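**Student:** 1 is the number of the first residue of the sequence shown in UniProt numbering; add one for each residue after it.
Idealized CB from N, CA, C, for every residue including glycine.
Here the structure is a predicted model, which is why all the values come from computation and not from measurement.
Below you'll find the structure I mean.
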Amino acid sequence: MKNKPVIGISECLTGAAVRFDGGHKRMDFVMNSLAPWVTYKTICPEVAIGLPVPRPALRLIQTTSGDIRMRYSHAPYDDITDKNECFCRFGFCQRMGELAGFIVCAKSPSCGMERVRLYDEKGNRGRKAGTGLFTAAMMAKYPWLRWKKMVACTIRYYARILSNASSH
Numbered sequence: 001m002k003n004k005p006v007i008g009i010s011e012c013l014t015g016a017a018v019r020f021d022g023g024h025k026r027m028d029f030v031m032n033s034l035a036p037w038v039t040y041k042t043i044c045p046e047v048a049i050g051l052p053v054p055r056p057a058l059r060l061i062q063t064t065s066g067d068i069r070m071r072y073s074h075a076p077y078d079d080i081t082d083k084n085e086c087f088c089r090f091g092f093c094q095r096m097g098e099l100a101g102f103i104v105c106a107k108s109p110s111c112g113m114e115r116v117r118l119y120d121e122k123g124n125r126g127r128k129a130g131t132g133l134f135t136a137a138m139m140a141k142y143p144w145l146r147w148k149k150m151v152a153c154t155i156r157y158y159a160r161i162l163s164n165a166s167s168h
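So this is what it looks like as structure tokens:
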């Protein structure tokens, strides 16, 4: 394919060991079957803002005022929300360019598309009703993109991306 569509993808899904525990969540279908037809633009927002690998787990905290904050699970007052939002606004967004879609890692406090666990300020587990901060910012800025969470990747979805990209 001459002009391959560009797809954003959570870097851990490509097999890169960037997750908090030093692991990855490689998706063989995405890397073996889809890769010849697209160009991937990878991102790990947590590594991009300077967090190490491995690192303590992060959580989304819903404050008593209703705000969603990103904090470490072991240090609930060590808040990195502003650093993440600054990166989304001025970092990756500026370099994103033309994308045909985005594949994000499910359940991640940064990249999760839906049903990300929310905790209260005391650390109690809450409902699965959040969206990762990076994904929420990108979906707000680029609502026309096709978004897909890791666990729901289907051939029809990718066929739509490829057919839409080839029509541009």
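#1: Is there a Cβ of chain D sitting closer than 8 angstroms to that of F29, yes or no?
#2: To the nearest angstrom, report how far apart R55 and V18 are at their CA atoms.
#3: May I have the straight-line CA-CA distance separating L58 from K41, to the nearest angstrom?
#4: What number of angstroms, rounded off, separates the C-alpha of D67 from the C-alpha of D21?
#5: Could you tell me which residues DSSP puts in a beta bridge with D79?
#6: Identify which residue in L145, C105, G123 has its Cα closest to the Cα of L60.
#7: I'd like the span of the alpha helix (DSSP H) that includes T135, first residue to last.
#8: Start and end of the beta strand (DSSP E) containing V18?
#9: With burial defined as no fewer than 16 other Cβ atoms inside 10 Å of the residue's Cβ, what is the status of Y119: buried or exposed?
#10: Can you look up V53 in the DSSP assignment and give me helix, strand or coil?
#11: Please report the straight-line C-alpha distance between A100 and R71, rounded to a whole angstrom.
#12: Quick one: any contact between the stretch 105-119 and the stretch 128-136, if contact means 3 or more CB pairs under 8 angstroms?
#13: Enumerate in chain order the residues of its own chain whose CB-to-CB distance from L145 is below 7 angstroms, with the five nearest sequence positions on each side excluded.
**Tutor:** Judging by the given coordinates:
#1: As a matter of chain content, chain D is missing from the structure shown, which is built from one protein chain.
#2: One C-alpha to the other measures close to 10 angstroms.
#3: If you draw a straight line from the Cα of L58 to the Cα of K41, it comes to about 24 angstroms.
#4: Distance between the alpha carbons of D67 and D21 is about 27 angstroms.
#5: DSSP links D79 through a beta bridge to R71.
#6: Just measuring C-alpha positions, the residue of L145, C105, G123 sitting nearest L60 is G123.
#7: Here the alpha helix (DSSP H) through T135 covers 133-141.
#8: V18 -> no beta strand (DSSP E), and no H or E assigned at all.
#9: Burial call: buried.
#10: V53: coil per DSSP, three-state reduction.
#11: Approximately 31 angstroms, taken between the alpha carbons.
#12: Judged by Cβ distances under 8 angstroms, the stretch 105-119 makes contact with the stretch 128-136, as three or more pairs qualify.
#13: Correct list, in chain order: L99, G101, F102.
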